[in-house]
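Participant:
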Amino acid sequence: MENFRYFEYSDFTCKCGCGLNNQSISHVKKLDIARGIAGIPFVVTCGCRCSKHNKEVGGSETSSHLIGCATDILADTSTKRYRILSGLIGAGFERIEIGYKKAWGDKTKQWIHVDDDISKSQGVLWIET
Numbered sequence: 001m002e003n004f005r006y007f008e009y010s011d012f013t014c015k016c017g018c019g020l021n022n023q024s025i026s027h028v029k030k031l032d033i034a035r036g037i038a039g040i041p042f043v044v045t046c047g048c049r050c051s052k053h054n055k056e057v058g059g060s061e062t063s064s065h066l067i068g069c070a071t072d073i074l075a076d077t078s079t080k081r082y083r084i085l086s087g088l089i090g091a092g093f094e095r096i097e098i099g100y101k102k103a104w105g106d107k108t109k110q111w112i113h114v115d116d117d118i119s120k121s122q123g124v125l126w127i128e129t
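full-length UniProt numbering numbers the first residue of the sequence shown as 1 and each following residue consecutively.
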């Protein structure tokens with residue numbers, strides 16, 4: 001198994017508990033570079049997903065999480081978002097989503113999704129609310 005500076009491969013295991021981890025090694029290596037550039041910890045909230053978990057969380061049928069080339073990172077302050085985005089772009093990622101959803105009460109979910117799915121449009125940044 002590969003050694004990464006900032007991550008454990010297990011950080012990317014499906015969060016439903018099924019044990020699936022098909023995360024691309026090259027994707028994690030690129031994230032490692034991005035994390036070094038950003039200079040702040042990346043809290044992985046989602047790596048790969050099994051199809052069952054993808055349905056449970058409302059993921060797209062063509063989600064890049066299903067094929068192990070996507071990661072969601074906690075980005076709960078504007079400073080963290082800026083640093084994470086700078087790192088991801090500096091590392092060469094070309095597919096980035098900024099996510100923000102009002103949840104229960106005053107709680108919000110804020111994340112950055114990044115993938116390197118070559119079957120999808122490149123050089124894109126989108127917002128999910």
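Even for Gly, the Cβ is constructed at its ideal location relative to N, Cα and C.
(1) My parser needs the beta strand (DSSP E) runs of 3 or more residues fully inside the UniProt domain "Peptidase M15A C-terminal" (6-100); what are they?
(2) Using the Cα positions of isoleucine 96 and arginine 5, report the straight-line distance between them to the nearest angstrom.
(3) Please report how far the alpha carbon of aspartate 115 lies from the alpha carbon of histidine 53, in whole angstroms.
(4) Roughly how many whole angstroms lie between the Cα atoms of cysteine 48 and alanine 70?
(5) Measuring only the C-alpha atoms, how far is glycine 87 from isoleucine 118?
(6) Report all residues from its chain with a CB closer than 7 Å to the CB of glycine 123; omit the five preceding and five following residues, and keep chain order.
Facilitator: Well, looking at it:
(1) 44-46, 70-74
(2) Whole-angstrom Cα-Cα distance: 22 Å.
(3) Rounded to the nearest angstrom, the two C-alpha atoms are 18 Å apart.
(4) 7 Å
(5) 20 Å
(6) Setting aside the 5 residues that flank it on each side, glycine 123 is surrounded in the same chain by Glu94, each with a C-beta closer than 7 Å to its C-beta; the list follows chain order.
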